[in-house]
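Scroll down for the structure; my scribbles are underneath it.
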Amino acid sequence: DNDNDNDNDNDNDNDNDNDNDNDNDNDNDNDNDNDNDNDKYRFMGLVLLEQLIFSLNNNININTIGFLNKYLHNNNIQFEIFNNNITTLIKIDTKDKPQILKQEEILNLSNDNIKKIIKGFIEINSVINTNDKTVFYFLKNLFMKIGILLNANYINNNYVIKLPQSLEENENNYFIYDNYIWSRIKKIGKTDKYFGQLYTIKMKNNNKYLTEIGVIS
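Numbering (full-length UniProt numbering), first residue to last: 1 to 217.
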């Protein structure tokens, strides 16, 4: 009887040890998957506007330099790196251009993954200057997906977009209520020599309507 009891105890202990080993393996696999996803979306943010050349300060951007170097190596993406005492230049080979999600695909990601992309994007960008209207509206909609309203000015046919330096940065130019982002119109001015069409929109039961810049109330 004692021998049987000992055998059963040993079997149970071995089974428990095996179960613990399996649990640990699963935990490690999940951690690795999460790390890989975080790295993928961070990199996607760094190249969000198809940027393939990075000039980075050796002190301020030391973390970004290390990340790009490791990520490009690990994913077999061809690149060149040049370093001096002040800056590091990283050039991704245009012939080995990494696959980048289309704007529509990025906007349809979960909010958590969009946050990871935006964190990568603002890691090296504070102001975006572009004359491309689609880029402006893409960035505006991307940040609005996670409840952030961007500051932007239109100067000399150019969009100057100020980016927050963290997702926790609070701006006082808008507030969120009832799942809407509310902002105040700063100024309504006249435009000279406009020869295009002008539309007046009137609705019977609702005075709100949707435009490229959001819901007008």
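For each residue, glycine too, the CB sits at the ideal point set by N, CA and C.
Proximal residues to residue i (C-beta, below 6 Å), its chain only, five neighbours per side dropped
| i | result |
| --- | --- |
| F138 | Q103 |
| Y41 | N113, K116, I117 |
| N151 | K162 |
Buried/exposed call for residue i, threshold 16 Cβ in 10 Å
| i | result |
| --- | --- |
| T134 | exposed |
| M203 | exposed |
| G189 | exposed |
| F43 | buried |
| Y177 | exposed |
| I118 | buried |
| T64 | buried |
| R136 | The sequence given here places Phe at residue 136; Arg does not occur at that position. Under this definition F136 is a buried residue. |
| I106 | buried |
Proximity winner among the options, relative to residue i (alpha-carbon distances)
| i | options | result |
| --- | --- | --- |
| S183 | K190, I148, I86, Y174 | Y174 |
| H73 | N59, I176, K91 | K91 |
| L49 | K95, N83, N111, I128 | I128 |
| K95 | L52, I62, N84 | L52 |
Within 7 Å, strictly: CB atoms of residue i and residue j
| i | j | result |
| --- | --- | --- |
| L89 | S126 | no |
| N157 | N131 | yes |
| K145 | I114 | yes |
| I122 | L149 | no |
| P98 | I77 | yes |
| G45 | G147 | no |
| D37 | Y71 | no |
| N57 | T87 | yes |
For residue i, the first and last residue of its enclosing alpha helix (DSSP H)
| i | result |
| --- | --- |
| N63 | 62-74 |
| L56 | Segment 53-57 is the beta strand (DSSP E) holding L56; no alpha helix (DSSP H) there. |
| K145 | 133-145 |
Element boundaries [beta strand (DSSP E), containing residue i]
| i | result |
| --- | --- |
| I176 | 174-177 |
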